[in-house]
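Residue 62 in my numbering sits at position 60 of the sequence shown, and the numbers go up by one each step. Below is one structure, written out as structure tokens, with a few remarks after it.
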Amino acid sequence: MWLSRRQFLKVSAGTVAAVAVADQGLALTALQPVVEVGNPLGDYPDRSWERVYHDQYRYDSSFTWVCSPNDTHACRIRAFVRNGVVMRVEQNYDHQTYEDLYGNRGTFAHNPRMCLKGYTFHRRVYGPYRLKGPLMRKGWKEWMDAGSPELTPEAKRKYKFDSRFLDDMLRVSWDTAATYAAKACIIIATRYSGEAGARRL
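This is how it looks when you write it as structure tokens:
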């Protein structure tokens, strides 16, 4: 069927008008009467939904820790715990109380002292890709089992000290990890003690 321009405009205008009238009719049927409240203090609307916002920052306990693995600033962080889980962290705002072994102190000017990596550190702790047990480098373990021989160029190659990124990681128990860590501390203390050890430093 062929329509002239005038006929097309008439049909279009009629269609638009019909839709508009239908919408008005539907809108009127959907209206509800206004709820009358005689005394607003006597019959106040339910506000229990506000508790979500009130409890958003609620916590059971908090503790402070030093965020050193991220960078060299060693920022003091306060973690807020709820139901045994760290919910959020923030700067502790006490940099002016820091003091090193020589009596040097920080200032108020360093507050706040925390980066975005620190703000999200707890997400890494609870993240799905976190380490769930101790790992030990295979070459290092073999070196320890061999009696920790002098690290000559040949030994470094053999135990992959010069190519650690190519070494395999072994999953070990906590007891094994603690035992090897203690052995390593004894080796370090023995090697660098006395006059001979001082010369190696």
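Just so it is clear, CB atoms sit at the ideal spot from N, CA and C, and this is done for glycine as well.
Smallest Cα separation from residue i: which of the options?
| i | options | result |
| --- | --- | --- |
| residue 127 | 108, 75, 175 and 69 | 69 |
| residue 64 | 195, 44, 56 and 85 | 85 |
| residue 168 | 175, 176, 158 and 96 | 158 |
| residue 163 | 143, 6 and 173 | 143 |
| residue 75 | 47, 91 and 108 | 108 |
| residue 118 | 197, 79 and 98 | 79 |
| residue 97 | 66, 87 and 8 | 66 |
| residue 60 | 88, 39, 43 and 36 | 88 |
Helix, strand or coil: which one does DSSP assign to residue i?
| i | result |
| --- | --- |
| residue 101 | strand |
| residue 82 | strand |
| residue 146 | helix |
| residue 90 | strand |
| residue 154 | coil |
| residue 51 | helix |
Report yes if the CB atom of residue i is closer than 8 Å to the CB atom of residue j, and no otherwise.
| i | j | result |
| --- | --- | --- |
| residue 115 | residue 77 | yes |
| residue 186 | residue 136 | no |
| residue 81 | residue 112 | no |
| residue 62 | residue 83 | yes |
| residue 145 | residue 161 | yes |
| residue 202 | residue 193 | yes |
Which stretch, first to last residue, makes up the alpha helix (DSSP H) that contains residue i?
| i | result |
| --- | --- |
| residue 118 | 118-121 |
| residue 176 | 176-193 |
| residue 60 | Segment: none, residue 60 is in no alpha helix (DSSP H) and carries neither H nor E. |
The beta strand (DSSP E) spanning residue i covers which residue range?
| i | result |
| --- | --- |
| residue 173 | 171-173 |
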